[in-house]
Amino acid sequence: MTTLSLSLAVLGMPLACFVLLALAWPLRHAGRVAGWLSAGTAVASFAASAALLARVLGGQGPLTWTVPWLVHGGRTIAELGVHVDGISASMLAVVTLVAASVQVYSLGYMASEPKPDQGRYFAWHSLFIVAMGGLVLAPDLLQLFLAWELVGLCSYLLIGFYWTKPSAGRAAVKAFWVTKFADMGLLLGLVVLYGATGAFSFEQAAPDPVTTLVPALLFVGVMGKSAQVPLHIWLPDAMEGPTPVSALLHAATMVAAGVFLVVRAYPLFEAAPALLTFMAWLGAITALVAAVTAVVQDDIKKVLAYSTCSQLGYMVAALGSGSLLGGYFHLTTHAFFKALLFLGAGAAIHAVHSNSIHDMGGLWTKTRASAVLFIAGALALAGFPLFAGFFSKDLALEELAHAGHWGPLGLLLAAAGLTAFYMTRVVAIAFFGPPSEKAAHAHEAPATMLLPMAVLGLLAVGGGLSGGTLAGLWGQPYHFALTPVGIAATLVGLGGIGLGVLRYGTRSWTGDLLPGLRAFILSGPVDRFWLGAWRQGLLPVARAVGWFDRYVIDGLINLVGVAFLDAGRRVRALQTGRAQDYVLAVLLGVVAFVAWGVVGGAG
Amino acid sequence: MSLAAGPPLVAWLLLAAALFCVGVYGVLTRKNLVAILLSVELMANAVNLNLVALGRYQGELLGQAVALFGMALTVAEVGVGLAIVILVHRRRQGIDVDELSGLSG
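One line per chain: the protein sequences are A and B, in this order. The working numbering applies: residue 735 is where the first sequence begins, and numbers increase by one. The working numbering applies: residue 287 is where the second sequence begins, and numbers increase by one.
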């Protein structure tokens, strides 16, 4: 098979599955069959993208294949196609691996749902794989945007999967609105970029007056999709969706699309150093704020959601320091261990039928295998030495130090300690805490759920070794070296684990560091900020605009109409209806014409 | 030819113009549809008179030929016009034009 047909197969198999499930309703309503079909195509898709990655690793050069899409006046405005190189091949492998794992896991996790709902779930999952693959393989920004909106749609549909629950519906709408709000920036950026360069290329930075504006507008979209403060508010609510959805879309792949966009279009961002500095700061602030918020959550999925925000902050900060590899490496390892953590959380939720970590107390004795896997993921997230997160977080921090961003570096180090602390808290309470009633009858998850977790577990433990390979794909050197920054990060992480064990494990210390902070965070300050901005800022403006439209714009138009009606009413009087009047008018007209001709002829 | 045998051309043209003006005055002032139709005939005959006089002045027969055509057409026109008058009378029990103001705005 050629490289092209392999890459098309990666997209084609899930697409065929989606179309089949969408059209053949008996198949979709069959539930389990649909699930096996969808999971099968996802695994096949992963196999194809693994073969693709092997080729690229084997030295296959970049490949671009496109077909004209928007043609106007003989000029091709946009193209659709695939672009295979080190970045897209490795990202595609990560996406399809996590997707395949999550699909297989879902076979177990969703088994008790009604059959038609299962079919719906797997059809959307297949659509998501197509959309995400199209995003990763996009040859230009326009196709990326198209796929970007498509994954947003899948996200909306899957968050609202339990649509009979009002909170799930609200969460889906919230996610859609917040990301669409941010996508307006992305769309404007594309328009300005096209106006300035005449193309949607990743490579061509915008010329002088809009050099910074274009990537800044694109970055607004990134802030929405990759949940950066203050546009992160949709991500914790997105946890209303089924847990495997959270693992795939809202932890491993879709939310990383923003980071991927920056990596892809880096020539545009590189031309705007001020924006890069802003990204470093914003990423660091997001990392710290989300980590602080994660500490006080009792819902295991909310902890992981804020943790995802926080880790996305690391990636954005690393990209802001100019280190593509730092951001991308962390994206890869994070995809593995965060998906693992979500699947582990799903197994625990499946066992006790509750999201609260306090209801999970003592699961260690009941579900040993999934507990071990969850703890492996937690250690990787906390940056425990030799686990995957250790290497990638270390690289991100070192690059920040290298670029001289000491402020963001300090924030990220603090966030690293908090990360270790809140993960220790979850593990200590959920698996080793006092046994709860709900956990008393817990039983281990089925093999379809444990097997994908084991695969991801291996990668969460050993994924850090892929750094050299990834760097090789990009033609960059990468050598792991324990620098002072790395040592500091490791010590902070270990300190966080130690504090967590003291506070929640052995309970030898029960103090509260900042008593007021907890209540403040739980009151949802950022949500309240947006609500206030909406009520105080947007609504009055909208009302004023509405008034202007209704009375000034519409008024002018109505005035024109009324003027014509009135003029017509006045002119009506001329029409007497008496034939002789008309004849007189004709006669006067003829006389006038004759007079004009005589006078004109004389002149 | 024998133009000197009768009055000069301008006399004929003045007579035709006078006839035409009488016709126009009738069309504008008469209230009876039949009288209006008669006035239209006066106007048509003024035109015919012009044709004959000018043809004679030119010394050719084309003017008389066209006048004959014009008379034939006028007969047809009067036929249609009278038919309309009869229909109006049947429908409205009268042929006063001031009553026919259905097109009034």
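Don't be surprised by glycine CBs; every beta carbon is placed ideally from N, CA and C.
Residue-level contact to chain A via CB, residue i, 8 Å cutoff
{"i": "B:S325", "result": "no"}
{"i": "B:I314", "result": "The amino acid occupying residue 314 of chain B in the given sequence is Leu; Ile does not appear at that position. Cβ-Cβ to chain A under 8 Å: yes for B:L314."}
{"i": "B:G388", "result": "yes"}
{"i": "B:V352", "result": "no"}
{"i": "B:S288", "result": "Annotation note: pLDDT 49 at B:S288 (below 50); position unreliable, coordinate value reported separately. No, because no Cβ of chain A sits closer than 8 Å to the Cβ of B:S288."}
{"i": "B:L310", "result": "Looking at the sequence shown, residue 310 of chain B is not Leu but Val. Output row for B:V310: interface = yes."}
Minimum Cβ-Cβ distance from residue i to chain B less than 8 Å
{"i": "A:V1304", "result": "The question names Val, yet the displayed sequence has Arg at residue 1304 of chain A. Judged by the 8 Å Cβ criterion, A:R1304 is not in contact with chain B."}
{"i": "A:Q1270", "result": "no"}
{"i": "A:V1325", "result": "no"}
{"i": "A:V1320", "result": "no"}
{"i": "A:G1311", "result": "yes"}
{"i": "A:V1328", "result": "no"}
{"i": "A:V1332", "result": "no"}
{"i": "A:V1317", "result": "yes"}
Nearest-angstrom beta carbon gap, residue j and residue i [assumed within contact, 8 Å]
{"i": "A:Q877", "j": "A:L921", "result": "Incorrect: roughly 14 Å between the Cβ atoms, too far for contact."}
{"i": "A:T1011", "j": "A:G1054", "result": "7 Å"}
{"i": "B:V326", "j": "B:V313", "result": "6 Å"}
{"i": "A:G842", "j": "A:T913", "result": "About 30 Å; that fails the 8 Å criterion."}
{"i": "A:A1154", "j": "A:G1117", "result": "7 Å"}
{"i": "A:F1108", "j": "A:A985", "result": "Their Cβ separation, rounded to whole angstroms, is 14 Å, which puts A:F1108 and A:A985 out of contact at 8 Å."}
{"i": "A:L791", "j": "A:L1207", "result": "7 Å"}
{"i": "A:G1017", "j": "A:G1047", "result": "4 Å"}
{"i": "A:T945", "j": "A:A1006", "result": "6 Å"}
{"i": "B:W298", "j": "B:L324", "result": "22 Å between Cβ atoms; not a contact."}
{"i": "A:A1014", "j": "A:M1094", "result": "No, A:A1014 and A:M1094 are not in contact; Cβ-Cβ is about 37 Å, not under 8 Å."}
{"i": "B:T360", "j": "B:A330", "result": "5 Å"}
Burial state of residue i (16 or more Cβ within 10 Å)
{"i": "A:S783", "result": "buried"}
{"i": "A:H859", "result": "buried"}
{"i": "A:T775", "result": "buried"}
{"i": "A:Y1285", "result": "exposed"}
{"i": "A:L1308", "result": "exposed"}
{"i": "A:Y1316", "result": "exposed"}
{"i": "A:H1068", "result": "buried"}
{"i": "B:S288", "result": "Because B:S288 sits at a pLDDT of 49, beneath the cut-off of 50, its placement in the model cannot be relied upon, and the following sentence gives the value as read from the coordinates. The residue is exposed, with fewer than 16 neighbouring Cβ atoms inside 10 Å."}
{"i": "A:R854", "result": "buried"}
{"i": "A:Q1270", "result": "exposed"}
{"i": "A:Q837", "result": "buried"}
{"i": "A:Q962", "result": "buried"}
{"i": "A:V1325", "result": "exposed"}
{"i": "B:A303", "result": "exposed"}
{"i": "A:V1235", "result": "buried"}
{"i": "A:D874", "result": "buried"}
{"i": "B:Q379", "result": "exposed"}
{"i": "A:Y1000", "result": "buried"}
{"i": "A:T1087", "result": "For the record, residue 1087 of chain A in the displayed sequence is His; it is not Thr. So A:H1087 ends up on the exposed side."}
{"i": "A:D1281", "result": "As written in the sequence, residue 1281 of chain A is Trp, which differs from the Asp given in the question. It is exposed - the Cβ of A:W1281 has fewer than 16 other Cβ atoms within 10 Å."}
{"i": "A:G1201", "result": "buried"}
{"i": "B:K243", "result": "Residue 243 of chain B lies beyond the residue range present for chain B, which begins at 287 and ends at 391; the question has no answer from this structure."}
Beta bridge counterpart(s) of residue i as assigned by DSSP
{"i": "A:S1090", "result": "A:D1033"}
{"i": "A:H1136", "result": "DSSP lists no partner for A:H1136."}
{"i": "A:P802", "result": "A:E813"}
{"i": "B:D382", "result": "B:N318"}
{"i": "A:V818", "result": "A:L797"}
CB contact check: residue i to chain C, cutoff 8 Å
{"i": "A:V1275", "result": "Reference to chain C is not applicable here, since the protein chains of this structure are A and B."}
Self-check item: Contact set between the region 908 to 934 of chain A and chain B, restricted to residues whose Cβ is under 9 Å from the partner
Solution: none
Self-check item: Chain-ordered residues of the region 373 to 386 of chain B with a beta carbon less than 9 Å from chain A
Solution: V383, D384, L386
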